[in-house]
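Below is one structure, written out as structure tokens, with a few remarks after it.
In this note's numbering, the protein residues as written are 9 to 629.
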């Protein structure tokens, strides 16, 4: 059967259902195919109904593998069903209701009935991964898993009593393997949300000290700026309503009432009497009092330091037209991270237009995070791991050696087809996609520096499974830890990525260990390079708005900072290098971006070779 309709928007991409059906018909054992789209909890789902050839046995696992050689990942259906025929109505149209009623879901593998433990885990996996086709043998990566979903899945399993971490998901990969290797308890193994500790985390202390040390340079270290356009598809933007939404949403989070105080050599967190938030409306064509230097092409801003009395976050609303408003946020990085910003913006835009409601306190397990970090700092096993971790002197600098008077930013983009090929390749060889980007950055740095051994400071997610409701909370839940790699031109891509994947998993057990202790053991030398890799949407599908034209600045105190953001929902994948202009000028930043993209293309080429050279087609634009 064919489809007369053209293109639809699925998960942010313009795709042709007819093109997907045509690709499915070329898969082994498929005689005919029909694909439909539905939405569940604002998530677009593609269902494939397949009529097998006579005597053919179809499995979703084999279909996914074959389909992945033909079209990009964002075109792949989540669910596969077997049908005897594609029924038609009297008018000759597809009778979808009848087809659904007689469809049989395809399994990923033929397997025995799952055990009680496997069935319990399977229910959790299907819920988190959003697919009923997941079986006890479905590989996590095959089901579209990534580092964010791994954390979400580990948290859900921990709540159900399983002793399991993110590294278990990456290493064991399926419900059956995890059920066999991990134990379950009737008690929940999570740290209570509130433990009474008021100490700042180790990373907050590092940030606050670096912030104060760099104030004289007025270079905007840890003063984060992001902006985007907000378009209401249904009516004019109500700026008063939008202001109310911001205030109500941010009021629910205690972190935005935080005051940092030095006490007996430590930095402690205290609560202020009021919300440290300022929301202002600026007429189009005018600019509010500038607070921070911006990148090239944007209006210059001069930093207005955060202190004990000023807001920790500024929100500026600039109407561009009746239905479009520019939103600019300036935040002290010590109070929040990128994931928390996503939660805040999503909640704010969802609140818009709804009746005013009492502000309910949001979960605030940050005390649990600080407590876990303290426990890991006292762990002999963690200390042995990081004391023995190899760090290369060329990539370390003396403490306080240089403070940048000027910080420059250079931006680039990574092709969507390159990213999609890398993700499919990583799924095929069962490694986390982050490994490919770490590998590309390290190889690029090695080429530019003329060194074969690279060390950088890697931003690490601290929202672990031991912290209840960690993914739902707002705060600075990440750490920076060393990552070292030996670059060998003779090693093939698959072996290299597998090695990086293994190294990331080994470090994951000790991801909360205080960076200050690691550096203290190295004479307080610090990193020359840092790397921040993110792979989640900036904001998750606001019900009534469309967001676009995103821009951001994230200034670390390290001389050279590499940031890569992969947003597969809209195909926008960015690389940004923020660096001391004197130590690493624009020409060097451009060269590094080009080299990283070249290394990513090298990995994508390996993916094409693994799939017998089949180049993925566009599946829309």
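In this text, a Cβ means the ideal position worked out from N, Cα and C, and glycines have one as well.
A straight line joining the alpha-carbon of residue 595 with that of residue 436 spans about 37 angstroms. Taking a contact to require three or more Cβ pairs closer than 8 angstroms, the segment 510–521 and the segment 558–565 do not qualify as touching. Following the DSSP letters along the chain, one finds residue 347 inside the alpha helix (DSSP H) bounded by residues 346–359.
For residue 222, the three-state secondary structure derived from DSSP is coil. With fewer than 16 other Cβ atoms inside 10 Å of its own Cβ, residue 365 counts as exposed. A direct Cα-Cα distance of roughly 11 angstroms separates residue 416 from residue 567.
Beta-bridge annotation (DSSP): residue 490 is paired with 465. Beta-bridge pairing by DSSP links residue 279 to 266. Look at the segment 132–194 and you find these whole runs of alpha helix (DSSP H), each 4 residues long or longer: 155–167, 174–180, 183–189.
Unbroken alpha helix (DSSP H) stretches of 4 residues or longer found wholly inside the segment 523–589: 523–528, given in chain order.
Ranking 263, 287, 291, 288 by CA distance to the CA of residue 278 puts 263 first. Membership of residue 286 in any alpha helix (DSSP H) is not indicated; the residue belongs instead to the beta strand (DSSP E) covering 285–289.
With a contact defined as Cβ atoms closer than 8 angstroms, residue 234 and residue 337 qualify at about 5 angstroms.
Taking a contact to require three or more Cβ pairs closer than 8 angstroms, the segment 366–376 and the segment 237–249 do not qualify as touching. The beta-bridge partner set that DSSP reports for residue 113 consists of 89. Within the model, the alpha-carbon separation for residue 327 versus residue 253 is close to 16 angstroms.
Membership of residue 237 in the beta strand (DSSP E) is indicated by the continuous run 231–240. About 6 angstroms separates the Cβ atoms of residue 268 and residue 208, confirming a contact at the 8 angstroms cut-off.
Sixteen is the threshold: since fewer than 16 other Cβ atoms of the shown chains lie within 10 Å of the Cβ of residue 97, the residue is exposed. DSSP places residue 336 in the strand class (E or B) of the three-state scheme. Of all alpha-carbon atoms in 340, 272, 240, 238, the one lying nearest the alpha-carbon of residue 286 is that of 340. Below 8 angstroms, enough C-beta pairs join the segment 459–469 and the segment 479–495 to call them touching: three or more. Residue 243 counts as exposed, since fewer than 16 other C-beta atoms from the protein chains shown sit within 10 angstroms of its C-beta. Residue range 321–329 is occupied by the beta strand (DSSP E) that includes residue 323.
Look at residue 604 here: in three-state DSSP terms it is helix.
Residue 483 counts as buried, since no fewer than 16 other beta carbons sit within 10 angstroms of its beta carbon. A straight line joining the alpha-carbon of residue 427 with that of residue 495 spans about 22 angstroms. Pairing residue 290 with residue 355 gives a Cβ-Cβ distance that is not under 8 angstroms.
Restricting attention to 610, 521, 220, the CA atom closest to the CA of residue 342 is found in 220. Residue 421 and residue 563 have their C-alpha atoms some 19 angstroms from each other. With a cutoff of 8 angstroms on beta-carbon distance, residue 164 and residue 132 are scored as near each other. Around the C-beta of residue 241, fewer than 16 other C-beta atoms lie within 10 Å, and the residue is accordingly described as exposed. Around the beta carbon of residue 80, 16 or more other beta carbons sit within 10 angstroms, so the residue counts as buried. When the Cα atoms are used, residue 60 and residue 90 turn out to be separated by approximately 7 angstroms. By the Cβ neighbour-count rule, residue 282 is exposed, with fewer than 16 other Cβ atoms within 10 Å of its own. Judged by DSSP secondary structure, residue 417 falls within the beta strand (DSSP E) whose first and last residues are 415–421.
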